[in-house]
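Visitor: Can you keep this structure in mind? I'll have questions shortly.
Chains as they are written, first to last, in the numbering used here: chain A, 361 to 682; chain B, 13 to 296.
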């Protein structure tokens with residue numbers, strides 16, 4: 361059993377040298393993180409005890425699963441399929457316990473920098489959700505405008521710049537906490553969507569969400585996912601995500617959080633060079649488990665040291681100049 | 013196409029579509045399906061497969077013992093939507109499997125005498141364990157818990173699998189129509205008063221396992237329990253199966269008495285498909 365994880369999984373690790381040092385501390389969009397790694401939304405994000413464990417294992421911050429106003433059961437299985445060891449297609453269908461149950465879940469959050477991901481089909485759904493979370497110990501919100509496999513939510517909203525603008529404005533006037541907008545590959549240009557979000561008052565952008573995808577079993581000749589269409593994550597989307605982070609952060613003066621197929625510290629550094637202020641990890645956990653966080657953080661630290669820099673933030677966007 | 017073949021043979025995550033080659037009728041509501049899959053045939057006791065019933069559902073299922081080379085089996089009880097669809101499959105039909113996932117039951121070097129307590133299809137991983145105990149010549153007692161005589165299965169199989177070692181098969185039925193009258197845990201209380209065991213292995217309904225754990229703790233018996241929860245991914249990324257901060261699919265399915273003792277949700281709280289917490293109704 362995971363003895364190593366069990367041994368180091370204690371809240372004392374808050375001050376652990378491997379994941380927290382001046383070299384790694386990151387500040388952007390009103391967030392202050394001990395290191396630039398975050399748990400990506402959708403992965404493991406429903407239980408406070410798991411948040412504590414993942415933070416104990418080295419993550420800089422945690423993003424919850426996307427929470428909707430009412431509970432969602434999600435699609436019938438298969439809802440997650442693995443393509444190879446490095447990529448997944450999922451159509452979980454935004455399964456989540458709903459804002460009421462989730463605010464109960466996290467109300468005793470003591471020390472985890474927790475970003476609550478919210479999803480909704482109309483701007484009217486956000487104020488009542490924010491009301492439930494705003495007085496709790498959370499670091500901010502990530503608004504999911506890019507889930508590719510649920511009708512009337514996520515990408516259908518994200519593809520409509522007017523809708524994006526309306527939602528971001530609504531969220532903005534209802535909270536003073538940092539507001540991050542998660543964008544993805546839809547029909548609209550990702551840079552334009554990010555621009556609309558920024559103009560409406562967003563503090564940062566997370567790029568990118570999963571990409572609409574599908575898998576068919578050739579023996580049964582059937583789509584594998586119960587929803588047929590899902591979202592592709594993992595290594596296969598990394599180059600696309602790098603491009604999005606590069607374009608958004610270069611063209612728009614807004615901090616960007618990179619997300620998409622980060623499996624190693626090298627991948628994380630690549631995202632930061634492309635302009636990411638922080639990175640989110642997800643699919644890699646299915647491959648390498650939760651110890652990934654400390655390994656990636658260690659690699660980033662060693663890279664920053666080797667390059668003779670004082671802080672990891674100095675490498676953000678270094679690729680622009682070429 | 014070589015890489016695809018290699019992937020199918022080595023990557024446990026790859027979805028293998030297999031043909032049901034044989035069906036064994038265990039009881040009117042329980043069947044065992046045999047199929048050819050080398051990766052699954054090497055599953056360790058306590059590990060599970062994600063079984064795809066095409067177009068219907070995907071379910072986590074323990075791997076049943078199978079004496080045919082490079083073959084594996086699953087045992088299903090007709091219960092919900094997905095399991096009923098699987099139950100109705102015929103020889104020649106296709107199902108998909110990925111895995112095996114999770115950790116396994118462990119046999120300590122000093123283990124001389126083991127007690128196995130299984131309820132319903134929870135017997136499946138215990139039978140796989142029984143073959144290992146048989147090889148290791150561990151003196152084994154197995155308690156098979158069922159509602160009634162009609163629901164008892166794997167009694168002969170348990171005898172056959174333990175043929176090389178000193179063993180005992182105890183049946184308990186709730187209605188008393190066969191064996192000891194009462195729950196599997198009543199039989200456990202009865203037997204541990206008479207005999208001393210080095211370890212207790214259990215798998216079955218969570219409330220039964222909780223009771224086994226409570227009895228075990230009161231009698232200072234080491235325990236290994238294989239837990240089951242609703243799952244989506246099976247690979248430790250969705251947390252549908254979490255109990256406290258542990259993931260049944262990745263940290264489990266087998267937990268020992270130390271791990272169980274700090275699991276405050278074990279036998280008390282479960283989560284539904286949306287992730288909301290609910291309390292188990294206690295056993296009467």
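All C-beta atoms, glycine included, are put in the ideal place defined by N, C-alpha and C.
Which chain A residues sit within Cβ distance under 9 Å of residue 254/B?
Guide: Within the second chain, numbered from 1, the residue matching residue 254/B stands at position 242. Those within 9 Å of residue 254/B in chain A are 404, 406, 407, 409, 410.
Visitor: Anyone know if the C-beta pair for residue 455/A and residue 619/A falls short of 7 Å?
Guide: Within the first chain, the letter at position 95 stands for residue 455/A. Within the first chain, the letter at position 259 stands for residue 619/A. Not closer than 7 Å, so no.
Visitor: State buried or exposed for residue 320/A, treating a residue as buried only when at least 16 other CB atoms are found within 10 Å of its CB.
Guide: Beyond the ends of chain A as shown, which are 361 and 682, falls residue 320/A; an answer cannot be given.
Visitor: Roughly how many whole angstroms lie between the Cα atoms of residue 554/A and residue 637/A?
Guide: For the purposes of this step, residue 554/A is taken as the residue at position 194 of the first chain. For the purposes of this step, residue 637/A is taken as the residue at position 277 of the first chain. So the alpha carbons of these two residues sit roughly 15 Å apart.
Visitor: Please report the straight-line C-alpha distance between residue 26/B and residue 514/A, rounded to a whole angstrom.
Guide: In the second chain, the residue the question calls residue 26/B occupies position 14. In the first chain, the residue the question calls residue 514/A occupies position 154. If you take the alpha carbons of residue 26/B and residue 514/A, they lie about 29 Å apart.
Visitor: Does any C-beta atom of chain B lie closer than 7 Å to the C-beta of residue 361/A?
Guide: Taking the first residue of the first chain as position 1, residue 361/A is located at position 1. Since pLDDT at residue 361/A reaches only 37, below the 50 mark, its modelled position is unreliable, and no value is offered.
Visitor: Taking beta-carbon pairs under 7 Å, can you tell me which members of the stretch 24-37 of chain B lie near chain A?
Guide: Listed in sequence order: 25, 27, 29.
Visitor: Check each residue of the stretch 106-127 of chain B: if its Cβ is closer than 8 Å to any Cβ of chain A, include it; give the result in chain order.
Guide: Hits within the stretch, in order: 106, 108, 110, 115.
Visitor: Given a limit of 8 Å on CB to CB distance, which residues of the stretch 407-438 of chain A reach chain B?
Guide: Within the stretch 407-438 of chain A, the residues whose Cβ lies closer than 8 Å to some Cβ of chain B are 407, 409, 410, 412, 413, 425, 431, 432, 433, 434, 436, 437, 438, listed in chain order.
Visitor: Can you have a look at residue 408/A and say buried or exposed, based on whether 16 or more other CB atoms are within 10 angstroms of its CB?
Guide: In the first chain, residue 408/A corresponds to position 48, counting from 1. Residue 408/A should be labelled buried.
Visitor: Which residues in the same chain have their Cβ closer than 8 Å to the Cβ of residue 110/B, if we skip the five residues on either side of it in sequence?
Guide: As a first step, residue 110/B must be located in the second chain, where it is residue number 98. Cβ neighbours of residue 110/B beyond the five flanking positions: 24, 25, 26, 27, 28, 61, 62, 64, 246.
Visitor: Could you tell me the boundaries of the alpha helix (DSSP H) in which residue 652/A lies?
Guide: Position 292 of the first chain holds residue 652/A. Residue 652/A -> alpha helix (DSSP H) spans 652-666.
Visitor: Using the C-alpha atoms, what's the distance from residue 257/B back to residue 375/A?
Guide: Position 15 of the first chain, counted from the start, is the residue given in the question as residue 375/A. Position 245 of the second chain, counted from the start, is the residue given in the question as residue 257/B. Its pLDDT being 48, under 50, residue 375/A is placed unreliably by the model, and nothing is read from it.
Visitor: Nearest chain A C-beta to residue 149/B closer than 7 Å, yes or no?
Guide: For the purposes of this step, residue 149/B is taken as the residue at position 137 of the second chain. No, because no Cβ of chain A sits closer than 7 Å to the Cβ of residue 149/B.
Visitor: Start and end of the beta strand (DSSP E) containing residue 85/B?
Guide: Looking up residue 85/B in the second chain gives position 73. Its beta strand (DSSP E) spans residues 83-89.
Visitor: By alpha-carbon positions, which one of 207/B, 101/B, 137/B ends up nearest to residue 76/B?
Guide: For the purposes of this step, residue 76/B is taken as the residue at position 64 of the second chain. The shortest C-alpha separation from residue 76/B is found at 137/B.
Visitor: Report all residues from its chain with a CB closer than 6 Å to the CB of residue 133/B; omit the five preceding and five following residues, and keep chain order.
Guide: For the purposes of this step, residue 133/B is taken as the residue at position 121 of the second chain. Within the same chain, residue 133/B has close Cβ partners 87, 89.
Visitor: For residue 240/B, go through chain A and note every residue whose CB falls closer than 7 Å to its CB, in chain order.
Guide: Position 228 of the second chain, counted from the first residue, corresponds to residue 240/B. Near residue 240/B there are no residues of chain A at all, since even the closest Cβ is about 15 Å away, more than 7 Å.
Visitor: For a contact defined as C-beta to C-beta under 9 Å, what are the partners of residue 249/B on chain A?
Guide: The residue labelled residue 249/B in the question sits at position 237 within the second chain. Residues of chain A passing the Cβ test: 402, 403, 404, 440, 448, 450, 642, 643, 645, 646.
Visitor: Between residue 198/B and the ligand NAP, is the CB less than 6 Å from at least one heavy atom?
Guide: Only the bare structure without any ligand can be found here, which leaves the ligand NAP out of the picture.
Visitor: Use the C-beta contact count for residue 236/B: other C-beta atoms within 10 angstroms, 16 or more gives buried, fewer gives exposed.
Guide: Numbered from its first residue, the second chain carries residue 236/B at position 224. By the neighbour-count rule (16 or more Cβ atoms within 10 Å), residue 236/B is buried.
Visitor: Give the C-beta separation of residue 492/A and residue 459/A to the nearest angstrom, bearing in mind that I take them to be a contact with Cβ-Cβ under 8 Å.
Guide: Residue 492/A sits at position 132 when you count from the first residue of the first chain. Residue 459/A sits at position 99 when you count from the first residue of the first chain. Indeed, because the Cβ distance is near 5 Å, the residues count as touching under 8 Å.
Visitor: Should the stretch 564-574 of chain A be regarded as contacting the stretch 600-620 of chain A, the criterion being three or more beta carbon pairs within less than 8 Å?
Guide: Yes: the two stretches touch, three or more of their Cβ pairs being nearer than 8 Å.
Visitor: Can you check the stretch 36-65 of chain B for any alpha helix (DSSP H) of at least 4 residues that lies completely inside it and give the ranges in chain order?
Guide: 50-53, all fully within the stretch 36-65 of chain B.
Visitor: For a minimum of 4 consecutive residues, which ranges assigned as the alpha helix (DSSP H) are wholly contained in the stretch 214-274 of chain B?
Guide: The stretch 214-274 of chain B contains these whole alpha helix (DSSP H) runs: 218-230, 269-273.
Visitor: Measuring only between beta-carbons, confirm whether residue 655/A sits less than 7 Å from chain B.
Guide: For the purposes of this step, residue 655/A is taken as the residue at position 295 of the first chain. No, residue 655/A does not count as interfacial toward chain B.
Visitor: If you follow the alpha helix (DSSP H) that residue 432/A is part of, which residue opens it and which one closes it?
Guide: Along the first chain, one-based indexing puts residue 432/A at 72. Unbroken run through residue 432/A: none, as it is neither H nor E.
Visitor: Mind checking if residue 513/A is an interface residue toward chain B, Cβ cutoff 7 Å exclusive?
Guide: Position 153 of the first chain, counted from the first residue, corresponds to residue 513/A. Residue 513/A does not count as touching chain B.
Visitor: Among 503/A, 588/A, 592/A, 580/A, which residue has its Cα nearest to the Cα of residue 560/A?
Guide: Within the first chain, residue 560/A is the residue found at index 200, counting from 1. Minimum Cα distance to residue 560/A is reached at 503/A.
Visitor: Within the same chain, show all residues whose beta-carbon is closer than 8 Å to that of residue 465/A, passing over the 5 residues directly before and after it, in chain order.
Guide: Within the first chain, the letter at position 105 stands for residue 465/A. Same-chain partners within the cutoff: 406, 407, 408, 457.
Visitor: To which residues of the same chain is residue 127/B closer than 6 Å at the C-beta, ignoring the five residues directly before and after it?
Guide: Walking along the second chain from the start, residue 127/B turns up at place 115. So the qualifying residues of the chain are 153, 209, 212.
Visitor: Please confirm whether residue 245/B has its beta-carbon closer than 7 Å to some beta-carbon of chain A.
Guide: Looking up residue 245/B in the second chain gives position 233. Taking Cβ atoms only, chain A reaches closer than 7 Å to residue 245/B, which makes this a yes.
Visitor: First and last residue of the alpha helix (DSSP H) that includes residue 198/B?
Guide: As a position in the second chain, residue 198/B is number 186, starting the count at 1. Unbroken alpha helix (DSSP H) run through residue 198/B: 196-206.
Visitor: Please state whether DSSP places residue 28/B in a helix, a strand or coil.
Guide: As a first step, residue 28/B must be located in the second chain, where it is residue number 16. Note: residue 28/B maps to strand in three-state DSSP.
Visitor: Considering residue 572/A, what are the terminal residues of the alpha helix (DSSP H) in which it resides?
Guide: Taking the first chain and counting its residues from 1, the one referred to as residue 572/A is at position 212. It is not in any alpha helix (DSSP H) - residue 572/A instead sits in the beta strand (DSSP E) that spans 571-574.
Visitor: Specify, as a first and last residue, the run of the alpha helix (DSSP H) that residue 135/B falls within.
Guide: Residue numbering aside, residue 135/B sits at position 123 when the second chain is read from its first letter. Residues 135-147.
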